[in-house]
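A.B. asks: One structure, pasted below without further comment.
Numbering (this note's numbering), first residue to last: 1 to 273.
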């Protein structure tokens with residue numbers, strides 16, 4: 001887990017300092033990808049400097065970034081009018097399309113859609129059975145089967161830069177506008193559908209079912225249907241299964257959302273193929 005601090009400077013200026021304790025230098029790819037995203041109009045902090053130091057035999061990595069004012073969209077959801085919220089989510093969709101337009105390089109995290117392992121699904125189903133009951137455990141098993149079928153029968157999805165944690169908590173709002181998309185630690189190469197799936201699972205009660213707004217905003221720049229290419233359901237199920245199996249469990253509300261997303265795509269009358 002990284003540490004993040006706001007540091008006040010002279011003259012009312014401030015910067016953000018992020019610190020990582022890893023075995024290898026950290027933040028290098030993140031800084032590169034943030035800079036590339038800024039170049040295509042994505043509002044994100046400027047990375048002012050990186051430093052890697054040995055401290056008592058441990059590597060410390062520091063990233064100093066421009067401080068962006070504002071509050072997260074997640075914090076503001078309950079304070080905004082429906083019209084204001086819709087406008088901001090549309091703008092977020094446009095920003096996502098710009099992220100996905102960044103030229104490909106093999107940098108950052110690679111999010112690979114993998115076949116679910118039988119022993120892991122058994123473990124997750126057991127966790128869910130204990131917390132919610134047998135019917136919900138069956139949803140986990142259906143999700144795993146859906147994922148196996150998708151991974152083994154379909155050609156690989158298109159690949160682009162993805163943010164990797166695209167959800168309201170990482171969208172900064174200031175003076176009625178989206179002024180920053182933050183937390184690029186998980187950015188890297190995978191299908192654009194990965195970001196759509198993250199929103200569907202993690203956006204919270206008010207916005208988790210408003211992918212329609214993200215898609216409408218996205219369409220200002222690019223075609224969302226082509227970007228998703230039908231891969232949002234498997235990526236959403238993959239992420240939901242992972243969260244359900246966390247050693248530090250998701251909250252009951254988060255777990256229920258994961259089960260609802262899996263059920264949405266695996267109930268026979270809702271499946272798209």
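Glycine included, each C-beta is placed from N, C-alpha and C at the ideal position. Small disclaimer: the values here were computed from a predicted structure and weren't measured.
If you check the beta carbons only, do residue 171 and residue 178 fall under 7 Å apart?
C.D. replies: In this structure, residue 178 lies closer than 7 Å to residue 171 by Cβ.
A.B. asks: Enumerated in chain order, which unbroken segments of the alpha helix (DSSP H) with a length of 4 residues or greater are wholly contained in the region 21-48?
C.D. replies: 28-39
A.B. asks: What three-state label does DSSP hand residue 133 in the structure shown?
C.D. replies: coil
A.B. asks: Going by alpha carbons, who is nearest to residue 247 out of 145, 120, 155 and 63?
C.D. replies: 120
A.B. asks: How would you label residue 12, buried or exposed, when you count the other beta carbons within 10 angstroms and need 16 or more for buried?
C.D. replies: Flag for residue 12 reads exposed.
A.B. asks: Quick check on residue 242: does DSSP put it in helix, strand or coil?
C.D. replies: helix
A.B. asks: Once you ignore the five residues that flank residue 243 on each side, which residues in its own chain have a CB closer than 8 Å to its CB?
C.D. replies: 201, 250, 254, 255 and 258
A.B. asks: Exposed or buried, what is residue 150 when buried is set at 16 or more other beta-carbons lying within 10 Å of its beta-carbon?
C.D. replies: buried
A.B. asks: Opposite residue 122 in the DSSP bridges: which residues?
C.D. replies: Residue pairing by DSSP places residue 122 in no beta bridge whatsoever.
A.B. asks: Cα-Cα, which of 63, 23, 54 and 32 is closest to residue 7?
C.D. replies: 63
A.B. asks: For residue 93, is the classification buried or exposed, using 16 other Cβ atoms within 10 angstroms of its Cβ as the cut-off for buried?
C.D. replies: Label assigned to residue 93: buried.
A.B. asks: Closest to residue 168 by C-alpha separation, out of 70, 2, 111 and 145, would be which residue?
C.D. replies: Considering only alpha carbons, the answer is 70.
A.B. asks: Report the partner residues of residue 314 according to the DSSP bridge assignment.
C.D. replies: The first residue shown for the chain is 1 and the last is 273, placing residue 314 beyond what the model contains.
A.B. asks: Using CA atoms only, rank isn't needed, just tell me which of 207, 266, 229 and 213 is closest to residue 193.
C.D. replies: Ranked by Cα distance from residue 193, the options 207, 266, 229 and 213 are led by 229.
A.B. asks: Which word fits residue 136, buried or exposed, when buried means at least 16 other C-beta atoms lie within 10 angstroms of its C-beta?
C.D. replies: buried
A.B. asks: Using 8 Å for Cβ pairs, my map puts residue 236 next to residue 265. What's the rounded Cβ distance?
C.D. replies: With 8 Å as the limit, residue 236 and residue 265 qualify as a contact, their Cβ atoms being about 7 Å apart.
A.B. asks: Between the C-alpha atoms of residue 115 and residue 148, what's the straight-line distance to the nearest angstrom?
C.D. replies: 6 Å
A.B. asks: Taking all protein chains shown into account, do 16 or more other C-beta atoms lie within 10 angstroms of the C-beta of residue 163, making it buried, or fewer, making it exposed?
C.D. replies: buried
A.B. asks: Leaving aside the five residues before and after residue 86 along the sequence, list all residues of the same chain whose C-beta is less than 7 Å from its C-beta, in chain order.
C.D. replies: 213
A.B. asks: With distances taken from CA atoms, which of 117, 140 and 239 is nearest residue 127?
C.D. replies: 140
A.B. asks: Where in the region 50-112 do unbroken runs of the alpha helix (DSSP H), each at least 4 residues long, occur, reported from the N-terminal end onward?
C.D. replies: 73-76 and 82-100
A.B. asks: Since residue 142 and residue 262 are thought to touch, with beta carbons under 8 Å apart, how far apart are those beta carbons, to the nearest angstrom?
C.D. replies: 7 Å
A.B. asks: Assign residue 56 to one of two classes, buried (16 or more other C-beta atoms within 10 Å of its C-beta) or exposed (fewer than that).
C.D. replies: Here residue 56 is exposed, its C-beta having fewer than 16 other C-beta atoms within 10 Å.
A.B. asks: Hey, residue 188 and residue 108: beta-carbon distance below 7 Å or not?
C.D. replies: In this structure, the beta-carbon distance from residue 188 to residue 108 falls below 7 Å.
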